[in-house]
Each structure stands twice: as C-alpha cells, then as structure tokens.
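J.: Residue numbers (UniProt numbering): 1 to 203. Beta carbons: idealized from backbone N, C-alpha and C, even for Gly. Below you'll find the structure I mean.
Following this line, the structure appears as structure tokens:
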C-alpha cells in the first residue's frame, strides 16, 4: 500500500509540474506577443522570370515623409498658381507651368494671353497675395486646399478685402526622364493633372 501511495504522489507531482510548465509557457507567450512586429515590404516581381526583389520596407516614418512631401508640393503649386506680383510673376509663371500637365498648363497660360491678359490689365499696379488657411487635405493623390486671396493696389497700405477659396487638384509623380532644369526645380517630377478653383460659400 505504501508503494502505491508513493506512486500516486509521484504521478500527481509530475502532473502538477506539467501544468505549471504549460502555464508558464502561455504566460511567456502573452508577454512576448506585444514584441512581435509585422514589417511590410515593397517588392518588385519580374513577370517573365517570376524573380522577386525586395525594394524597401514601409514604415510610419516613410509614410509620414511622403505625406509631408505631397503637402509641400501641393501648397507650393497653389501659391505659385494664385499669386501675382509684377516683379516675381515670371518666376511664378514658369514654376506653375513646370509643375502642370499640358492641359492644366494651357489653362493657366491662357490667363496671360489676349486683350485681357492678367499682366496687361494689372501690370505693376495690382498684386494678389495668398495665405493658406489650413494644411492640404490629401487622399489618393487628390488634394483640397483652403486659402485666402487678397487682390489690391500696390499703393494700398491697408489689409484689402480678402476672399476665401478652395482649390481642388489631382497630381502624380512623373516617371519620365527629367531635364536639367526640371531636376533642379522639380526633382521628384511632381505634376498637377487637374486643377479647379471654387469660392467658399459664406453663410
């Protein structure tokens, strides 16, 4: 009977030990789960050979930098497109055309053609100042920008009468080879392919 009792005690001890090890294993797994990270990658697959090449990893830092770049170029474009100053208009004009598709560029260039050309009507006497009122809202390469535009005489020392506008634009990054000038002024190939301007409706 004594041997049987000892055998039963040994069996219970082994069972308790196994349960304890199982519990500790689950506990360790629970604590290690937060340390597990999923790192997404951008991969290029050769459709002919099936060869896969890892290009880069996607991180929050990468995404935030891209968002910042998009916002910068969108804001830069709107400022150049909407600002008018006789002494800097040629630079704004060139920058706008450089960052525009052919169709959008033609629409903008049309503002400076014919009898009602902006530079002929306004000349040195009028200026248009732009102030962005909010950070560009961007989704799927479509951006909306809310800005204030003040058109007034250069001799007017007051604040003028500002109006509020909403610019909606679609953009892309060209993959075409860049000229030397484009590489210096637009190294990423940012290009606006659609541009619409609407006055903000005041209640």
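Can you give the Cα-Cα distance for residue 165 and residue 115, rounded to whole angstroms?
T.: Translated into the one-based positions of the chain shown, residue 165 becomes position 165. Translated into the one-based positions of the chain shown, residue 115 becomes position 115. Looking at the two C-alpha atoms, the distance is approximately 26 Å.
J.: Per the contact definition of three or more C-beta pairs closer than 8 Å, is the region 128-136 in contact with the region 147-160?
T.: The region 147-160 vs the region 128-136: in contact.
J.: To which residues of the same chain is residue 189 closer than 8 Å at the C-beta, ignoring the five residues directly before and after it?
T.: Taking the chain shown and counting its residues from 1, the one referred to as residue 189 is at position 189. Once the five neighbours on either side are set aside, the close Cβ partners of residue 189 are 173, 174, 175, 176, 178, 182.
J.: Less than 8 Å between the beta carbons of residue 170 and residue 197, yes or no?
T.: Reading the chain shown from its first residue, position 170 is the one you call residue 170. Reading the chain shown from its first residue, position 197 is the one you call residue 197. No; because the gap between Cβ atoms is not below 8 Å, this pair is not in contact.
J.: On the DSSP bridge assignment, give the partners of residue 190 in chain order.
T.: Numbered from 1 along the chain shown, position 190 holds the residue referred to as residue 190. Its beta-bridge partners are 173.
J.: For the region 61-125, list the alpha helix (DSSP H) runs that are entirely contained and at least 4 residues long, ordered along the chain.
T.: Taking only runs of at least 4 residues, the alpha helix (DSSP H) segments lying wholly in the region 61-125 are 89-98, 102-109, 118-121.
J.: Counting only the same chain and skipping the five closest in sequence on each side, list residues whose C-beta sits under 7 Å from that of residue 85.
T.: Working through the chain shown from its first residue, we reach residue 85 at position 85. Cβ neighbours of residue 85 beyond the five flanking positions: 127.
J.: Can you find the residues in the same chain that come closer than 7 Å, C-beta to C-beta, to residue 89, ignoring five residues on each side of it along the sequence?
T.: For this step, residue 89 is matched to residue 89 along the chain shown. So the list reads 119, once near-sequence residues are dropped.
J.: Measuring alpha carbon to alpha carbon, tell me which of 104, 95, 184 ends up nearest residue 76.
T.: For the purposes of this step, residue 76 is taken as the residue at position 76 of the chain shown. When only C-alpha atoms are compared, the closest one is 95.
J.: Please tell me whether residue 71 and residue 138 are closer than 8 Å, where the distance is taken between their beta carbons.
T.: Within the chain shown, residue 71 is the residue found at index 71, counting from 1. Within the chain shown, residue 138 is the residue found at index 138, counting from 1. Yes. Within cutoff.
J.: Whole-angstrom Cβ separation of residue 191 and residue 100, contact assumed at under 8 Å?
T.: Sequence index remark: in the chain shown, residue 191 carries index 191 (1-based). Sequence index remark: in the chain shown, residue 100 carries index 100 (1-based). That pair is a contact at about 7 Å.
J.: Considering Cα atoms alone, identify which of 111, 157, 102 is closest to residue 81.
T.: By one-based count along the chain shown, residue 81 stands at place 81. Among 111, 157, 102, the Cα nearest to that of residue 81 is on 111.
J.: Grouping DSSP H, G and I as helix and E and B as strand, with all else coil, what is residue 196?
T.: Here the question's residue 196 lines up with position 196 in the chain shown. If DSSP states are grouped into helix, strand and coil, residue 196 belongs with the strands.
J.: Indicate whether residue 206 and residue 125 have their beta-carbon atoms separated by less than 8 Å.
T.: Nothing can be reported for residue 206, as the shown portion of the chain is limited to 1 through 203.
J.: Note the first and the last residue of the continuous beta strand (DSSP E) segment covering residue 152.
T.: Counting from 1 along the chain shown, the entry for residue 152 is found at position 152. Its beta strand (DSSP E) spans residues 142-153.
J.: Mapping DSSP to helix, strand and coil, what is residue 127?
T.: The count along the chain shown starts at 1 and reaches residue 127 at position 127. Here residue 127 sits in strand by DSSP.
J.: Could you tell me if residue 74 is buried or exposed, where buried requires 16 or more neighbouring beta carbons within 10 angstroms of its beta carbon?
T.: As a first step, residue 74 must be located in the chain shown, where it is residue number 74. Buried is the call here.
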